[in-house]
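Visitor: Chains as they are written, first to last, in our numbering: chain A, 1 to 310; chain B, 311 to 599; chain C, 600 to 976.
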Amino acid sequence: MAGSTAQVVAPEAPSSGARPSPVSRSLRRSLKWLGIVPFGVYVGLGLIAPFIAITIAAFHNSSTGAFTLSNFHAALSGTYLLGLKTSLLLSIASAIVPGIFGLLLAYAIFTAKRGNVLRKVVITASGVFANFGGVPLAILFIATLSTTGIVTGWIKDLTGVNIWDHGFTLYSAYPGVFIVYMYFQIPLMVLVILPALEGLRPAWREAAQNMGAGTWQYWRYVGGPVLLPSFLGCLLLLFGSAFAAYATAEALTGGTVALTPIQIGALLNGNVVAGQENLGYALGVIMVVIIAIVMMIYVSLQRRAARWLR
Amino acid sequence: MATVADVQAGTHAPTPATRPAPRWRTFPFWRWAILLIAGVYFLIPLYAGLRFAGLKAFANVFTYPGFGSAVGLSLRLALITTILTLVLMVPTTVYVHLRLPQIRRSMDGITILPIVIPPIVLIIGVLKVAPSFLLSTPYLLALVYVVLAMPFAYRSLDAGLRAVDLKTLVEASNSLGAGWPATLWRIVLPNIRTAMLSATVLTVALVLGEFTMASLALFVTFPVWIVQFEQNAGPVSTAASLLALFVTWLLLMLIVTVGDRTARKRGGARVALFTVAPQETRPTAGEPE
Amino acid sequence: MTTNAARNAAVDSARRARGTGGTSVLLRDLSRSFGTTKALDGLSLEIAPGELVALLGPSGCGKTTALRIVAGFETADTGSVLVDGKDISGVSASKRDMGMVFQSYSLFPNMNALDNVAFGLRMRKQGSAQRRKRAGELLEMVGLAPQARQYPHQLSGGQQQRVALARALAIEPRVLLLDEPLSALDAKVRLQLREQIRTLQHRLGTTTLFVTHDQEEALSMADRVGVMRQGRLEQIAAPDELYDDPATVFVAEFVGIMNRIPGELRTDGTVTVLGSTAPVKGQEPADTGADGGDRAVDVLVRPEGLTLQVAEHGNGIVTTRTFLGSVTRVGVLLDGDIAVQVDKPSSEAAALAPGASVSVSLPGQPVLVAPRRAVPG
Numbered sequence: 001m002a003g004s005t006a007q008v009v010a011p012e013a014p015s016s017g018a019r020p021s022p023v024s025r026s027l028r029r030s031l032k033w034l035g036i037v038p039f040g041v042y043v044g045l046g047l048i049a050p051f052i053a054i055t056i057a058a059f060h061n062s063s064t065g066a067f068t069l070s071n072f073h074a075a076l077s078g079t080y081l082l083g084l085k086t087s088l089l090l091s092i093a094s095a096i097v098p099g100i101f102g103l104l105l106a107y108a109i110f111t112a113k114r115g116n117v118l119r120k121v122v123i124t125a126s127g128v129f130a131n132f133g134g135v136p137l138a139i140l141f142i143a144t145l146s147t148t149g150i151v152t153g154w155i156k157d158l159t160g161v162n163i164w165d166h167g168f169t170l171y172s173a174y175p176g177v178f179i180v181y182m183y184f185q186i187p188l189m190v191l192v193i194l195p196a197l198e199g200l201r202p203a204w205r206e207a208a209q210n211m212g213a214g215t216w217q218y219w220r221y222v223g224g225p226v227l228l229p230s231f232l233g234c235l236l237l238l239f240g241s242a243f244a245a246y247a248t249a250e251a252l253t254g255g256t257v258a259l260t261p262i263q264i265g266a267l268l269n270g271n272v273v274a275g276q277e278n279l280g281y282a283l284g285v286i287m288v289v290i291i292a293i294v295m296m297i298y299v300s301l302q303r304r305a306a307r308w309l310r
Numbered sequence: 311m312a313t314v315a316d317v318q319a320g321t322h323a324p325t326p327a328t329r330p331a332p333r334w335r336t337f338p339f340w341r342w343a344i345l346l347i348a349g350v351y352f353l354i355p356l357y358a359g360l361r362f363a364g365l366k367a368f369a370n371v372f373t374y375p376g377f378g379s380a381v382g383l384s385l386r387l388a389l390i391t392t393i394l395t396l397v398l399m400v401p402t403t404v405y406v407h408l409r410l411p412q413i414r415r416s417m418d419g420i421t422i423l424p425i426v427i428p429p430i431v432l433i434i435g436v437l438k439v440a441p442s443f444l445l446s447t448p449y450l451l452a453l454v455y456v457v458l459a460m461p462f463a464y465r466s467l468d469a470g471l472r473a474v475d476l477k478t479l480v481e482a483s484n485s486l487g488a489g490w491p492a493t494l495w496r497i498v499l500p501n502i503r504t505a506m507l508s509a510t511v512l513t514v515a516l517v518l519g520e521f522t523m524a525s526l527a528l529f530v531t532f533p534v535w536i537v538q539f540e541q542n543a544g545p546v547s548t549a550a551s552l553l554a555l556f557v558t559w560l561l562l563m564l565i566v567t568v569g570d571r572t573a574r575k576r577g578g579a580r581v582a583l584f585t586v587a588p589q590e591t592r593p594t595a596g597e598p599e
Numbered sequence: 600m601t602t603n604a605a606r607n608a609a610v611d612s613a614r615r616a617r618g619t620g621g622t623s624v625l626l627r628d629l630s631r632s633f634g635t636t637k638a639l640d641g642l643s644l645e646i647a648p649g650e651l652v653a654l655l656g657p658s659g660c661g662k663t664t665a666l667r668i669v670a671g672f673e674t675a676d677t678g679s680v681l682v683d684g685k686d687i688s689g690v691s692a693s694k695r696d697m698g699m700v701f702q703s704y705s706l707f708p709n710m711n712a713l714d715n716v717a718f719g720l721r722m723r724k725q726g727s728a729q730r731r732k733r734a735g736e737l738l739e740m741v742g743l744a745p746q747a748r749q750y751p752h753q754l755s756g757g758q759q760q761r762v763a764l765a766r767a768l769a770i771e772p773r774v775l776l777l778d779e780p781l782s783a784l785d786a787k788v789r790l791q792l793r794e795q796i797r798t799l800q801h802r803l804g805t806t807t808l809f810v811t812h813d814q815e816e817a818l819s820m821a822d823r824v825g826v827m828r829q830g831r832l833e834q835i836a837a838p839d840e841l842y843d844d845p846a847t848v849f850v851a852e853f854v855g856i857m858n859r860i861p862g863e864l865r866t867d868g869t870v871t872v873l874g875s876t877a878p879v880k881g882q883e884p885a886d887t888g889a890d891g892g893d894r895a896v897d898v899l900v901r902p903e904g905l906t907l908q909v910a911e912h913g914n915g916i917v918t919t920r921t922f923l924g925s926v927t928r929v930g931v932l933l934d935g936d937i938a939v940q941v942d943k944p945s946s947e948a949a950a951l952a953p954g955a956s957v958s959v960s961l962p963g964q965p966v967l968v969a970p971r972r973a974v975p976g
């Protein structure tokens, strides 16, 4: 692109090439939106359209095409209801436990001096581990904790106990999937709670001390309340992340665990009885509704946190 | 740790100060305990993987049937997805920043959507609406991956743009006589290089690791290929997994080092590794002298 | 007018409640290093009960470090802080009974103004009703009673600092510490708050240590000002003494504007400059090693200390004219490429256009001298 800065006498007006005439004022204003069209089209086709399509399908019978609510009935009963319950509980557990541990971990490095090597290492590691997931992670844990896994062997050698004989299993939601989910949930928590921790101004701590507050009192009256919206928001984020996860559980259990995403996959990969697709779509719609609600609460919490930490 | 200052000529002998018991020092114990537990939990599976696979398996990975085509497909998809994502998101983000700042809030919301609609749900929807000519080609995946990558790309670019106050720069450039093309090429793009790199790497990492959609669309990308061997050839799939993780780690290290180096050189924004969660830039509390 | 009366009443009642007799603070030989940088180098300072002392200096001079040591947020490497004669170096920050106002953003964001002000009282286990009443009085004192229920993010910068001040005073501290509390505020708000702080401090009689880099602030507010540089106190004196009798060259040039005019120091203790002779004030330059003969020095004189007259063949040419209100600052380039500034009443300065030939002279009063400084390239 040739540098054209040389001989421009009258600098080009920053607005787009509409001619400055009174009529075109509103035209120019609407033309402004043109720039967003490609993006809009892509989102519409790639995201909105598919979702609308499956929502419509969810309300129709797979074989006859008639309008029906039976898909939703089926989705909320039997093994599918069990799947939803398990998914929800697992996601809650996968939010709270890593949430607390992640907070402690973040606090542990936050109180270290700035620019500390340790701090940098943990933050970078968190960024990396938060992106590990899915298939490689599942396979690693199989190598670690399966019946022939390395750690299973260590425990057997050390204590003579075979954990698999005592109810431990990798192939169901607890403890298997849960343990594996922690691997990316904890780093995720560290990454999202750290900015909130750093938003706690040192002046608040010092002002509180100056007023006579000890460490416990500071956290109880100032630090805790200020951090709470962010913390809850992070928990919600973790919930969403665990709830929507598919690949890890699929690779870990071979598609046998009763979790909603897995069940959806089973219904739609063509290996199961045909004619059940719309049930899968119904489950999908239910998933989206749940996550949408969670996200809305998250956004309002973030807004509150931002207001205070301005 | 109390250092006695050099006695200045002519002053009184320094009175040693009685220091209050430093509060912070009582912590380190539990701090190290947590770090230790975390370290153990995160490193053991990696080590177990190495032991389980054995070094021979690593060599076998490359010669295993299907490896080449699976990796090739993943790489091609990564390339196409990245190009498409950048082509779509860079102009859009820049445009929003410059001309449509009022919809920034909505953009934040829209780019959260791919998170709200989980990949599993998205792919079944796409498979339903996609025209048949797209369904038969794996490049359908690339098109869908762009939607998946959108949040990461947008947030990286948005953060990068915010850090340089693009509007002012463009106005300055315009007032000095540069037309739009020159401004975009010489001013805008160079300043979001780091953000673009970050977006690129996140997209690549995402595509290389994406399993859900590929497996349901029945295309054999690298992660899908790995799973196929789970039952039969444990060590090989373990070795392949470790390789995949290693590559992810390399890519992410790339962003961090390049990002840090650029930030140090130009004092620009430090690259934030991942998060889709909006990270407000907080003003660092100024150290009072 | 009624709000003013209410305010005064609140202040007076607070004052009466404390009784007379303030607190004295003594900083003894404080030193503190951060790594290889020496932030404080043997600082000693005494603050009398009820006095407002300002620490003034450029950034990095150690003034904030000194304040933070007094507050208990830093510890000195050597030296001690005594309050009413007692060494408090071992006392933790939360037990020192001092009120501190930070530079900015120190109000707790999750509490409204009233709760913020009442926080210190809550820590002192006062009952809820009593706390609120007292906090209300203090907000009244700083003129923010209507804003009691508002949150920090709803208040302007000036309002926030007033709440911070009320919060610090609510606990009736023995010492009030202010860490550049006005530097983050707009000019106009700054002036208003300056007044308010000074008035309140006067009425309450609280011993106060005030840190700032703004000399106008320091000079207008403090009973005594300590000028600091590189961790040491160069001079501590009342504002007028600081201005008229600076102890060192640094203080002379830091406070107000100083002209530097080359002259010759004679062995009889007078200095020849601008064609006339003037006696030398007080201090001699440190390196008096003159063995006979005159020495080259710079004479330091304020803009208002020079006389300026229009003259056909004077010793300088007017270069600039800056209108400052009642006074105009005239920039003159003297023979020998010496630039000086001379203050003249604006009515007289009107006649002096740039390029006019003028004569600048010293009226013969005692002047300060400093070692001749080599003019950079």
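Beta carbons are placed, not taken as given, at the ideal position from N, Cα and C, and that holds for glycine.
#1: May I ask you to report which of helix, strand or coil DSSP gives residue 633 of chain C?
#2: DSSP has residue 970 of chain C in a bridge; who is on the other side?
#3: Does the beta carbon of residue 204 of chain A sit closer than 8 Å to a beta carbon anywhere in chain C?
#4: Which residues in the same chain have their Cβ closer than 8 Å to the Cβ of residue 36 of chain A, if we skip the five residues on either side of it in sequence?
#5: Skipping 5 residues on each side, what residues in its chain have a beta carbon closer than 8 Å to that of residue 295 of chain A?
#6: Going along the segment 162 to 176 of chain A in order, which residues come within less than 8 Å of chain C, judged by CB to CB distance?
#7: Could you tell me whether any Cβ in chain A is nearer than 8 Å to the Cβ of residue 977 of chain C?
#8: What are the residues in the segment 502 to 517 of chain B lying within 7 Å of chain A by C-beta distance?
#9: Specify the secondary structure class of residue 60 of chain A as computed by DSSP and reduced to three states.
#10: What is the residue span of the beta strand (DSSP E) that residue 678 of chain C lies within?
#11: Give the straight-line distance between the Cα atoms of residue 405 of chain B and residue 414 of chain B, rounded to the nearest whole angstrom.
#12: Considering just the uninterrupted stretch of the beta strand (DSSP E) at residue 937 of chain C, what are its terminal residues?
#13: Given this structure, state the Cα-to-Cα distance separating residue 420 of chain B from residue 669 of chain C, to the nearest angstrom.
#14: So, are the CB atoms of residue 558 of chain B and residue 139 of chain A less than 8 Å apart?
#15: Taking the alpha carbon of residue 905 of chain C as the reference point, which residue from C:895, C:894 and C:930 has its own alpha carbon closest?
#16: Just the Cα atoms here: how many angstroms apart are residue 157 of chain A and residue 528 of chain B?
#17: Check whether chain C comes within 8 Å of residue 37 of chain A, counting only Cβ atoms and requiring the distance to be less than that.
#18: With residue 77 of chain A as the anchor, note down where its beta strand (DSSP E) starts and where it stops.
#19: Could you tell me the distance, in whole angstroms, from the CA atom of residue 968 of chain C to the CA atom of residue 941 of chain C?
#20: Anything in the segment 45 to 56 of chain A with a Cβ closer than 7 Å to a Cβ of chain B? List those residues in chain order, please.
#21: What three-state label does DSSP hand residue 878 of chain C in the structure shown?
#22: Taking only beta carbons into account, state which residues of the segment 706 to 733 of chain C come closer than 7 Å to chain A, listed in chain order.
#23: Have a look at residue 149 of chain A and residue 280 of chain A and give me their C-alpha separation to the nearest angstrom.
#24: Just to confirm before moving on: does the CB-CB distance between residue 900 of chain C and residue 966 of chain C stay below 8 Å?
#25: Once the 5 residues before and after residue 133 of chain A are set aside, which same chain residues still bring their CB inside 8 Å of it?
#26: Report the start-end ranges of each alpha helix (DSSP H) in the segment 728 to 779 of chain C that is 4 residues or longer and not cut off at the edges.
#27: For residue 690 of chain C, which three-state DSSP category applies?
#28: Quick one: measure Cβ to Cβ for residue 809 of chain C and residue 820 of chain C, integer angstroms, because I've assumed they're closer than 8 Å.
#29: Per DSSP, what kind of secondary structure is residue 332 of chain B in: helix, strand or coil?
#30: What is the DSSP secondary structure of residue 934 of chain C, reduced to helix, strand or coil?
#31: Say whether chain B places a C-beta atom closer than 8 Å to the C-beta of residue 124 of chain A.
#32: In the DSSP assignment, find the alpha helix (DSSP H) that holds residue 668 of chain C and state where it starts and stops.
#33: Using beta carbons (cut-off 8 Å, strictly below), is residue 498 of chain B in contact with chain A?
#34: So, for residue 546 of chain B: in the same chain, excluding its five sequence neighbours on each side, which residues have a beta-carbon less than 7 Å away from its beta-carbon?
#35: Run through chain A and tell me which residues come within less than 9 Å of residue 697 of chain C, C-beta to C-beta.
#36: Distance check for residue 210 of chain A and residue 331 of chain B, CA to CA, integer angstroms please.
Guide: Quick answer:
#1: Within the third sequence, residue 633 of chain C is the residue found at index 34, counting from 1. Residue state, collapsed to three classes: strand.
#2: Counting from one through the third sequence, the residue named residue 970 of chain C turns up at place 371. Residue 970 of chain C is bridged to C:896.
#3: Start at 1 with the first residue of the first sequence, and residue 204 of chain A comes out as number 204. Chain C, which has a Cβ nearer than 8 Å to the Cβ of residue 204 of chain A, makes this yes.
#4: Position 36 of the first sequence, counting from 1, holds the residue named residue 36 of chain A. Same-chain partners within the cutoff: there are none.
#5: In the first sequence, counting from the first residue as 1, residue 295 of chain A sits at position 295. Taken in chain order, the residues that qualify are 236 and 240.
#6: none
#7: Look at the range of chain C in this structure, 600 to 976, and you will see that residue 977 of chain C is not part of it.
#8: With the criterion set as a beta carbon lying under 7 Å from some beta carbon of chain A, the members of the segment 502 to 517 of chain B are 515, in sequence order.
#9: Here residue 60 of chain A corresponds to residue number 60 of the first sequence, with the count starting at 1. Residue state, collapsed to three classes: strand.
#10: The residue given as residue 678 of chain C occupies position 79 in the third sequence. Here the beta strand (DSSP E) through residue 678 of chain C covers 677 to 682.
#11: Position 95 of the second sequence, counting from 1, holds the residue named residue 405 of chain B. Position 104 of the second sequence, counting from 1, holds the residue named residue 414 of chain B. If you take the alpha carbons of residue 405 of chain B and residue 414 of chain B, they lie about 11 Å apart.
#12: Along the third sequence, one-based indexing puts residue 937 of chain C at 338. For residue 937 of chain C, the enclosing beta strand (DSSP E) has its first and last residue at 937 to 944.
#13: As a working note, residue 420 of chain B is residue 110 in the second sequence. As a working note, residue 669 of chain C is residue 70 in the third sequence. Each residue's alpha carbon lies about 52 Å from the other.
#14: Numbered from its first residue, the second sequence carries residue 558 of chain B at position 248. Numbered from its first residue, the first sequence carries residue 139 of chain A at position 139. Going by C-beta atoms, residue 558 of chain B is not nearer than 8 Å to residue 139 of chain A.
#15: By one-based count along the third sequence, residue 905 of chain C stands at place 306. Across the set C:895, C:894 and C:930, the C-alpha of C:930 shows the shortest separation from the C-alpha of residue 905 of chain C.
#16: In the first sequence, counting from the first residue as 1, residue 157 of chain A sits at position 157. In the second sequence, counting from the first residue as 1, residue 528 of chain B sits at position 218. The straight-line gap from Cα to Cα measures roughly 42 Å.
#17: As a working note, residue 37 of chain A is residue 37 in the first sequence. Taking Cβ atoms only, chain C never reaches closer than 8 Å to residue 37 of chain A, which makes this a no.
#18: Reading the first sequence from its first residue, position 77 is the one you call residue 77 of chain A. Taken as a continuous stretch (DSSP letters only), residue 77 of chain A belongs to no beta strand (DSSP E), as it is neither H nor E.
#19: Counting from one through the third sequence, the residue named residue 968 of chain C turns up at place 369. Counting from one through the third sequence, the residue named residue 941 of chain C turns up at place 342. Whole-angstrom Cα-Cα distance: 18 Å.
#20: 46, 47, 49, 50, 51, 53 and 54
#21: Here residue 878 of chain C refers to the residue found at position 279 when the third sequence is read from its first residue. Of the three classes helix, strand and coil, the one that applies to residue 878 of chain C here is strand, per DSSP.
#22: 707, 708, 709, 718, 719, 722 and 723
#23: As a position in the first sequence, residue 149 of chain A is number 149, starting the count at 1. As a position in the first sequence, residue 280 of chain A is number 280, starting the count at 1. If you take the alpha carbons of residue 149 of chain A and residue 280 of chain A, they lie about 35 Å apart.
#24: Here residue 900 of chain C is taken as the residue at index 301 of the third sequence, counted from 1. Here residue 966 of chain C is taken as the residue at index 367 of the third sequence, counted from 1. Residue 966 of chain C sits close to residue 900 of chain C, with the two beta carbons spaced by under 8 Å.
#25: What you label residue 133 of chain A is simply residue 133 of the first sequence in a count that begins at 1. So the qualifying residues of the chain are 183, 184, 245, 247 and 248.
#26: 756 to 769
#27: Here the question's residue 690 of chain C lines up with position 91 in the third sequence. If DSSP states are grouped into helix, strand and coil, residue 690 of chain C belongs with coil.
#28: For the purposes of this step, residue 809 of chain C is taken as the residue at position 210 of the third sequence. For the purposes of this step, residue 820 of chain C is taken as the residue at position 221 of the third sequence. Confirmed, Cβ separation roughly 7 Å.
#29: Against the second sequence, residue 332 of chain B aligns to sequence position 22. Any answer about residue 332 of chain B is weak, because its pLDDT of 39 lies below 50 and its placement is not dependable; what the coordinates show is given next. In this structure, residue 332 of chain B counts as coil in the three-state DSSP scheme.
#30: Sequence index remark: in the third sequence, residue 934 of chain C carries index 335 (1-based). Residue 934 of chain C carries a coil assignment under DSSP once its states are collapsed to helix, strand and coil.
#31: Here residue 124 of chain A is taken as the residue at index 124 of the first sequence, counted from 1. Yes, contact with chain B.
#32: As a first step, residue 668 of chain C is located in the third sequence; it is residue number 69 there, counting from the start. 662 to 670 is the extent of the alpha helix (DSSP H) around residue 668 of chain C.
#33: As a first step, residue 498 of chain B is located in the second sequence; it is residue number 188 there, counting from the start. Residue 498 of chain B does not count as touching chain A.
#34: Here residue 546 of chain B corresponds to residue number 236 of the second sequence, with the count starting at 1. If we look at residue 546 of chain B and ignore the five residues flanking it on each side, its Cβ neighbours are 367, 370, 371, 374 and 539.
#35: To locate residue 697 of chain C, count along the third sequence from 1; it is residue 98. The answer, in chain order, is 210.
#36: For this step, residue 331 of chain B is matched to residue 21 along the second sequence. For this step, residue 210 of chain A is matched to residue 210 along the first sequence. Only weak support exists for where residue 331 of chain B lies, its pLDDT of 36 falling under 50; the coordinates are left without a value.
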